[in-house]
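Report on the structure given below.
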Amino acid sequence: MKSGRPRDAVSSDSANLSVLRLGHRRERDKRITSHLGLTARAFGADEVILAGEEDESALETWRSVSERFGGEFECRYEAKPLSWLRKFARDAGDGQAGVIIHLTMYGEPWKDVTSKIERDRPTVVVVGGTKVPGELFKLATHNVSVGNQPHSEVAALGIFLDSFVGELPEDHFAGGEIKVIPSADRKKVITADE
Ligand code: SAM
Numbered sequence: 063m064k065s066g067r068p069r070d071a072v073s074s075d076s077a078n079l080s081v082l083r084l085g086h087r088r089e090r091d092k093r094i095t096s097h098l099g100l101t102a103r104a105f106g107a108d109e110v111i112l113a114g115e116e117d118e119s120a121l122e123t124w125r126s127v128s129e130r131f132g133g134e135f136e137c138r139y140e141a142k143p144l145s146w147l148r149k150f151a152r153d154a155g156d157g158q159a160g161v162i163i164h165l166t167m168y169g170e171p172w173k174d175v176t177s178k179i180e181r182d183r184p185t186v187v188v189v190g191g192t193k194v195p196g197e198l199f200k201l202a203t204h205n206v207s208v209g210n211q212p213h214s215e216v217a218a219l220g221i222f223l224d225s226f227v228g229e230l231p232e233d234h235f236a237g238g239e240i241k242v243i244p245s246a247d248r249k250k251v252i253t254a255d256e
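This is the structure:
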């Protein structure tokens, strides 16, 4: 089973968890998109797909954090996200239909729906940026809200992933150059050669 999968998942090794960021604006969304990818990685996603304006700096940030802090994490740019989603809904790989979870304040409450979401197929969590296309609501397997107030894609993603993925396996971030050791009163890290 792929590391980082929900504990009760019955997923195959190929099943993975992606996050798709729609509508990125290179100047206006620089920080929030960067934080979105870091949040996706930190809470168990295997991949971030960036759509909207192309932005190599965001991809570089995510790759560099993965290099330093470990784990298997992919990221890439997608020029045609809706076409990609239409195909993903039909065939996410080896003929399996993918699960599309669209985070939106108009959706069903995450506390009610997360436990009911299928966990045995490739899954993509979609967050918007600028105007979200109405088609996405129909394409989505689940439209999920984290409260029904407008707030941030980073907050929504973090809360949802923590609930959907649960605790990550000890080895999820293996292979990094540094590892943080939780401490009550100081910064404690160990380096790969320690
Ligand atoms: N202006 C965009 C629109 O309405 O089409 C949305 C802007 S919002 C800041 C960006 C993204 O954050 C949304 O597309 C959604 O993915 C996420 N988001 C914001 N509030 C949310 C909530 N209460 N629940 C779930 N996702 C939320």
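For the sequence shown, my numbering assigns the number 63 to the initial residue and increments by one for each residue that follows. Cβ atoms here follow ideal geometry from the backbone N, Cα and C, with glycine treated the same way. Here the structure is a predicted model, which means the values were calculated and not measured.
Asked, Found
"Under 8 Å, do residue 148 and residue 201 count as touching if we go by C-beta distance?", "yes"
"Determine the DSSP secondary structure at residue 74, reduced to helix, strand or coil.", "Annotation note: pLDDT 36 at residue 74 (below 50); position unreliable, coordinate value reported separately. Residue 74: coil per DSSP, three-state reduction."
"Alpha carbons only, please: which of 164, 132 and 184 is nearest the one belonging to residue 199?", "164"
"Quick check on residue 238: does DSSP put it in helix, strand or coil?", "coil"
"Heavy atom of the ligand SAM less than 7 Å from the Cβ of residue 238, yes or no?", "no"
"Would you list the one or two residues that DSSP bridges to residue 207?", "171"
"Take residue 120 and list the residues in its own chain whose beta-carbon comes closer than 7 Å to its own, dropping the five residues that flank it on each side.", "95, 96, 99 and 112"
"Is residue 101 near the ligand SAM, going by C-beta to nearest heavy atom under 7 Å?", "no"
"Alpha carbon to alpha carbon, what distance is there between residue 176 and residue 218?", "13 Å"
"Between residue 161 and residue 180, how many whole angstroms is the CB-CB distance? I'm expecting something under 8 Å.", "5 Å"
"Would you decide whether residue 86 is buried or exposed? Buried here means 16 or more other CB atoms lie within 10 Å of its CB.", "buried"
"Using three-state DSSP, classify residue 219 as helix, strand or coil.", "helix"
"Is any heavy atom of the ligand SAM found at a distance shorter than 7 Å from the C-beta of residue 215?", "yes"
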